[in-house]
Amino acid sequence: MELMRVLNGIRRWFALPPLPDTVVIDGVEMRSPYWREYGDEAIKAGIWRKASELPRTLRVVSRFAWQASPRAFVAILVLQLLSGIASATGLLATTRVLTALLAVGPTPDRVLAAAGQLTLVVVAFAGRGLVVSVIATLNSRITPVISRLAEDEVIATASRVELAAYDDADHHDLLSRAQSQGVSNLTQAYNQAVGLLTAIVTLAAAVGAVSVLHPLLALVLLCSVLPDAWATLRGSRLRYISSVRRVALYRRKSMLNRLLTDRDAAAEIRSYTAQPTLIREHRRVGDVLLNEQIELGKVAERIGVTGRTISGLAVGAGYVVLGWLLYAQIMPLAVAGAAVLAMRTGRSALSQLVLSLNRLHESGMYIGDMQRFLTEATARTRPATGRQAPADPEVIELDRVTFSYPDASKPALSGVSATIRRGQVVALVGENGSGKSTLAKLLSGLYLPQSGSISWDGVDLAEVDESSIADRVAVIMQDPTRWPLTARDNVRLGRPDREDPQDLLLLQAATGTGAAEVAEELDHGWDTLLSKEFKNGQDLSGGQWQRMAAARAVYRDAPILICDEPTAALDARAEAAVYETLRLLSQGRTVFLITHRLASVKHADQILVLHHGELIEQGTHPELLAAGGRYADLYTLQAKAYQPDELTAVGA
Ligand SMILES: Nc1ncnc2c1ncn2[C@@H]1O[C@H](COP(=O)(O)OP(=O)(O)OP(=O)(O)O)[C@@H](O)[C@H]1O
Ligand SMILES: [Mg+2]
């Protein structure tokens, strides 16, 4: 019992204290803050499992190194072996030089006898120096390429992940670890792998030499390095554990950092004097991070000191053994001199080996994260089936479409069925949060339903290539992206490969949506950069941005047009112009229109009324009015607001 307590005490001494369970904000105690919700299997895995992952790390590293430059990769391997051979040769030659020098006989004779071997020592070590510098040159060329390749792969993979992953916190955690640590650790691991190879080769040479002199010395050599090895391994594991549990905190902190310093929120932060609240949260998170770093430093130092002390004692013991071998005349003095040299080389090679192994093991954990990200992100990327969506669908069929966001308690859409024909204008109406934008994303193929299906001319969208769906759809998002590009490129992004050297199509799209007026008033017309964060850039008003978004969608010239509140920020004249354009566009196209202004949906061919994610009414304007349901209520409510005051007074 007592022993267990002592052992547990020792274990705690060398472990990180847990993160605080509760946090007090403004006097309110918050249980289980978000950063406790990391559950990483990697933390619990034992050291042997980690060691067994070394080959995997080496495989990943080699894959990237080979990709970076196959020739340099092979050259480095060969040169490493050469350097090992050179140091073994040098070491053995040194042993022979010492033996010759310490032999009995006149000094000049002994020096002459040693001269041959001495030359070999010089050649071997000089050769090794040359090889090492060639390796370093090759390395400095190959390392940045590896880093770029990895960064590229992570970003490219992340950009292809299906949209639903963005609502999943785990995805963001893993991506942030892959980006911040995975990539940099890959280049480190590469350098460590090269170091490991050097150490193995040198160690083999040294152990070989020592064992030839006396087998017991090899054992002493090993014992003197083991405690150090334990300390470095333990330290790296702690660093990794700490980094995993800090990642959510770091993300939170940088999010606050961005909010406090970026342009987007600057005005709102000031008008609500939100700075103190945000800064307080920033400091609170910062404090937890700070404590964690201090604790990590403390524990790492404890571990390091222990390891170094025991190692020092073991080295002392090694010399005692050597002394005893001499005293008992088991080993002659000449051999003992060579043994000391070989042991020192061996010890430094062994420390290098342990250090490289340890760093590799540490980097391996981060690389493991990166690999996991790449695997999971690829699994969340819709596979290319090679099947194309119909080019210009005649019928769009929704069959009991149900969709839930990750971790949501109830579905955002459930059991929505409808049939839409080419040339129809379909209005989606309903209160805030009723599922309109979600349905728009499903219709545009950005999300796939969890049950039920959406099909075009009988082809299920789940079975065709995502890009082929996107190609047939133009969307005006509810919250369109404000691209920091020129006004022209903001519209052209709708279909960048469209041939339009004279800007005719661009102007056509821009005129009907009011974007042309916007561009005319800009300092450099269509060439104005639309971002205040760069020199000579200009910003637009909310409505002007929306006109740009509408122009972009029209420019895309797709058979299906989805408009999520395309006119919410537009003035009355611009709104009328956009609706006129949409009316013209609807010839031969299918248009989905989401709006809260029910007056604009009166002429729609179909109106779908959503409520809490369910389709509760469906029909034309007169049909729905006659039905006297929710649509009729909402419509009457809005219509009333437009009556002259006298009429409202009479009606009330
Ligand atoms: N990314 C998301 N992650 C989780 N839940 C979401 C997400 N986006 C929307 N929701 C939820 O799904 C439901 C439907 O949202 P949706 O955006 O489709 O509503 P909407 O009808 O477009 O509302 P509005 O009129 O305000 O634009 C809401 O309850 C909302 O809280
Ligand atoms: Mg919406």
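Residue numbers for the sequence shown follow numbering that gives the first Met the number 0, so the first one is 0 and each next one is one higher.
We treat Cβ as the ideally placed atom computed from N, Cα and C, and that holds for glycine.
- Within the stretch 561-611, the complete beta strand (DSSP E) runs of at least 3 residues fall at 589-593, 605-610.
- At the C-beta level, V193 and I134 come within 8 Å of one another.
- The beta-carbon distance between V144 and V120, rounded to whole angstroms, is 37 Å. This is too long to meet the 8 Å contact definition.
- Remark: the C-beta of Q545 is outside contact range of ligand 2, defined as less than 7 Å to any heavy atom.
- Residue range 274-326 is occupied by the alpha helix (DSSP H) that includes R279.
- Per DSSP, the continuous alpha helix (DSSP H) segment holding L137 begins and ends at 106-159.
- In this structure, DSSP gives G627 a state outside helix and strand, which the three-state scheme calls coil.
- Counted as a single uninterrupted DSSP element, the alpha helix (DSSP H) harbouring R233 occupies residues 214-260.
- When DSSP states are grouped into helix, strand and coil, F402 belongs to the strand group.
- With fewer than 16 other Cβ atoms inside 10 Å of its own Cβ, P275 counts as exposed.
- The C-alpha of V243 is placed about 54 Å away from the C-alpha of L636.
- By the Cβ neighbour-count rule, G627 is exposed, with fewer than 16 other Cβ atoms within 10 Å of its own.
- Here D464 is near G385, since their CB atoms are less than 8 Å apart.
- Cα atoms of T510 and D478: separation of roughly 22 Å, rounded to the nearest angstrom.
- Counting only the Cα atoms, A508 lies some 13 Å from R497.
- Neighbourhood of ligand 1, defined by CB distance below 6 Å to any of its heavy atoms: D166, Y404, A407, A411, G429, N431, G432, S433, G434, K435, S436, T437, Q477, in chain order.
- Within the same chain, and ignoring the five residues on either side of L332 in sequence, the residues whose Cβ sits closer than 8 Å to its Cβ are L101, L325.
- By DSSP's assignment, Q617 forms a beta bridge with L607.
- A distance below 8 Å between beta-carbons, with the five flanking residues on each side excluded, links A99 to the following residues of its chain, in chain order: R109, A112, A113, Q116.
- Just measuring C-alpha positions, the residue of I559, N357, A426, W544 sitting nearest Q605 is A426.
- DSSP places T480 outside any alpha helix (DSSP H), giving it a letter other than H or E.
- Pairwise C-beta distances place the stretch 428-439 out of contact with the stretch 522-529, as fewer than three of them are shorter than 8 Å.
- T94 is not bridged by DSSP to any residue.
- Closer than 7 Å to some heavy atom of ligand 2: that describes the Cβ of D563.
- Per the coordinates, the alpha-carbon of L80 lies some 34 Å from the alpha-carbon of I302.
- Of all C-beta pairs linking the stretch 275-294 to the stretch 202-209, fewer than three are shorter than 8 Å, placing the two stretches out of contact.
- According to the DSSP secondary-structure assignment, D459 is paired through a beta bridge with S454.
- In this chain, the alpha helix (DSSP H) harbouring R62 covers 53-67.
- For T380, no beta strand (DSSP E) encloses it, and the DSSP letter there is neither H nor E.
- In the three-state DSSP reduction, E396 falls in the strand class (E or B).
- A residue is called buried when at least 16 other Cβ atoms come within 10 angstroms of its Cβ; R245 meets this threshold and is buried.
- Short of 8 Å from the beta carbon of K531, and not among the five residues preceding or following it, lie these beta carbons of its own chain, in chain order: R262, Q537, D538.
- By the criterion of a C-beta distance shorter than 8 Å, G414 is surrounded in its chain by R399, V400, T401, G451, E613, L614, once the five residues flanking it on both sides are discounted.
- By the criterion of a C-beta distance shorter than 6 Å, A230 is surrounded in its chain by I302, G303, G306, once the five residues flanking it on both sides are discounted.
- Closest in alpha carbon position to Y189, among G432, R572, S362, is S362.
- Between Y446 and A157, the C-beta spacing is not below 8 Å.
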